[in-house]
Amino acid sequence: MSTEPVPPPTYSFSGDTSPRNSPSPSEDLVSAQSHSSSVPADAEGNSDGDQHTPNIVDAALQPQDAPITPGPPPPDQCYLYALPFPQRRPPSPTPLAVSSQARISAFPDHKLAPVAPRLRLATGAASSSTPATQPKFNPTNYVAVFRKTHKRAFSLSRFSASIKGTFAVDPFLEIPAPLLAPLAPGETTRKNLLLTVENGGIDVDVHLIGEPAPAAAALVARTELHLELSGAPDNAFPLIAKIHTPTLRRPPFRVALVSANGFVSLHLPPSFHGLLTLHVGAGDLNTRITLSAALGAHATILSEDSTVRAYFIGALGTARWEGDLAEVRVERGRVRVQFSGGGERDLDGLRRVGWGLMGF
1 MSTEPVPPPT YSFSGDTSPR NSPSPSEDLV SAQSHSSSVP ADAEGNSDGD QHTPNIVDAA
61 LQPQDAPITP GPPPPDQCYL YALPFPQRRP PSPTPLAVSS QARISAFPDH KLAPVAPRLR
121 LATGAASSST PATQPKFNPT NYVAVFRKTH KRAFSLSRFS ASIKGTFAVD PFLEIPAPLL
181 APLAPGETTR KNLLLTVENG GIDVDVHLIG EPAPAAAALV ARTELHLELS GAPDNAFPLI
241 AKIHTPTLRR PPFRVALVSA NGFVSLHLPP SFHGLLTLHV GAGDLNTRIT LSAALGAHAT
301 ILSEDSTVRA YFIGALGTAR WEGDLAEVRV ERGRVRVQFS GGGERDLDGL RRVGWGLMGF
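Numbering (UniProt numbering), first residue to last: 1 to 360.
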């Protein structure tokens, strides 16, 4: 007596269940979804009463000499071979809805590991013993600077209209309306600092200074910082932004860095507590994104897809969050994020040598 082989079952993307021994998808590849059981349309009853759906009782009353029709085995049967499971692309993360206003609160610095001292010459011992004086800044607010490098044919000059220097932004400083630059078309909110360079680079230190008045409102606008490089696709100039927060009690800030192919280096203050979102248009995120060891110790990954990776810097678990926001967007460039100040070494020094040869 020979038995016909039972063909293996087939599965599709619209399947409801999977075999017991089929490899279950991981949470990072397949999103958790509630699969509704598929019920035939005629299982709910037929109003005409002409058709009858066979059930388990009818199968038991079937004669024993009836031919056995091959079919898929029951779901609880174990198979001796692995069955493929269709992989599904995870949905893109839903953008975070962030209010433009937040409360003023204290932002203490994160505890950073001590940095090993560098070797210094004997002549610098006397100068290192004297305490460094805090530089004095001229506060400003609602700054908008645009520069453009005009490319010339057959020019030996390597000059570029880049933006370098230090900006002290006081979000509580009132500027008369006639002194402010007009808003760009399509913009409704004025940035506290707006720097745009076409065919050039940016290397700035931004100090967020100023404290609110005792009778200030409970809700204040976030401090908005926007730095962008535009121009030709071959614009490989760097974008370096170092954010400093010398005051403990300050409003939350939002910083956005936009570039195409150049290197982007963001130095966040040790008091940064909030969301860090990194967008890379092309390339592997693991090779395009670098977090320093000190900042990575306080970073928790929240979401990731093929082009976006989001971290939370600081401690999670609070029911209410009105902290800082940092966003970096590059097309085919590289991104490095670290803490600013003396708690971590500045690793952009060697890169500046090569950028100097480019005219930066």
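Ideal Cβ placement from N, Cα and C applies to all residues, glycine included.
DSSP three-state label for residue i, please.
{"i": "T287", "result": "helix"}
{"i": "A213", "result": "coil"}
{"i": "L179", "result": "helix"}
{"i": "A260", "result": "coil"}
{"i": "R190", "result": "coil"}
{"i": "S340", "result": "coil"}
{"i": "R332", "result": "coil"}
{"i": "D203", "result": "strand"}
{"i": "S265", "result": "strand"}
{"i": "Y311", "result": "strand"}
{"i": "L248", "result": "coil"}
{"i": "E322", "result": "coil"}
Kindly give me the distance between the Cβ atoms of residue i and residue j, rounded to whole angstroms, as I take these residues to be in contact under 8 angstroms.
{"i": "V197", "j": "G165", "result": "Actually they are not in contact, since the Cβ atoms of V197 and G165 sit about 13 angstroms apart, beyond 8 angstroms."}
{"i": "R254", "j": "L325", "result": "4 angstroms"}
{"i": "I240", "j": "S271", "result": "20 angstroms between Cβ atoms; not a contact."}
{"i": "Y201", "j": "P238", "result": "For the sequence presented, residue 201 should be read as Gly rather than Tyr. Going by Cβ atoms, the distance from G201 to P238 rounds to 5 angstroms, so yes, they are a contact pair."}
{"i": "L229", "j": "V258", "result": "7 angstroms"}
For the alpha helix (DSSP H) containing residue i, name the first residue and the last one.
{"i": "A293", "result": "A293 to G296"}
Just the Cα atoms here: how many angstroms apart are residue i and residue j?
{"i": "L208", "j": "S306", "result": "34 angstroms"}
{"i": "I289", "j": "E322", "result": "26 angstroms"}
{"i": "L278", "j": "E331", "result": "11 angstroms"}
{"i": "T130", "j": "T287", "result": "Since pLDDT at T130 reaches only 44, below the 50 mark, its modelled position is unreliable, and the value read off the structure follows with that caveat. One C-alpha to the other measures close to 42 angstroms."}
{"i": "P171", "j": "P139", "result": "9 angstroms"}
{"i": "G231", "j": "F167", "result": "24 angstroms"}
{"i": "A256", "j": "K191", "result": "11 angstroms"}
{"i": "Y142", "j": "R222", "result": "13 angstroms"}
{"i": "S340", "j": "A299", "result": "15 angstroms"}
{"i": "G281", "j": "F263", "result": "14 angstroms"}
{"i": "E211", "j": "K136", "result": "16 angstroms"}
{"i": "E199", "j": "G333", "result": "The sequence as given places Asn at residue 199; Glu does not occur at that position. Taking the straight line from one Cα to the other gives about 15 angstroms."}
{"i": "H267", "j": "L276", "result": "12 angstroms"}
{"i": "R329", "j": "A310", "result": "12 angstroms"}
{"i": "E344", "j": "A294", "result": "7 angstroms"}
{"i": "residue 363", "j": "A236", "result": "Given a span of 1 to 360 for the chain in the structure shown, any question on residue 363 remains unanswerable."}
{"i": "S292", "j": "K242", "result": "14 angstroms"}
Identify the continuous beta strand (DSSP E) that holds residue i and give its terminal residues.
{"i": "G317", "result": "That residue, G317, is in no beta strand (DSSP E); it is neither H nor E in DSSP."}
{"i": "E228", "result": "T223 to S230"}
{"i": "S303", "result": "A299 to E304"}
{"i": "F172", "result": "Premise fails: F172 is in no beta strand (DSSP E) and is neither H nor E."}
{"i": "H279", "result": "G274 to V280"}
{"i": "R345", "result": "No beta strand (DSSP E) holds R345; DSSP gives it neither H nor E."}
{"i": "K242", "result": "L239 to H244"}
{"i": "F137", "result": "Where F137 is concerned, there is no enclosing beta strand (DSSP E), given that its DSSP letter is neither H nor E."}
{"i": "A144", "result": "V143 to K148"}
Counting contacts by CB-CB distance shorter than 8 angstroms, is residue i in contact with chain D?
{"i": "L316", "result": "Here there is only one protein chain, and chain D is not present."}
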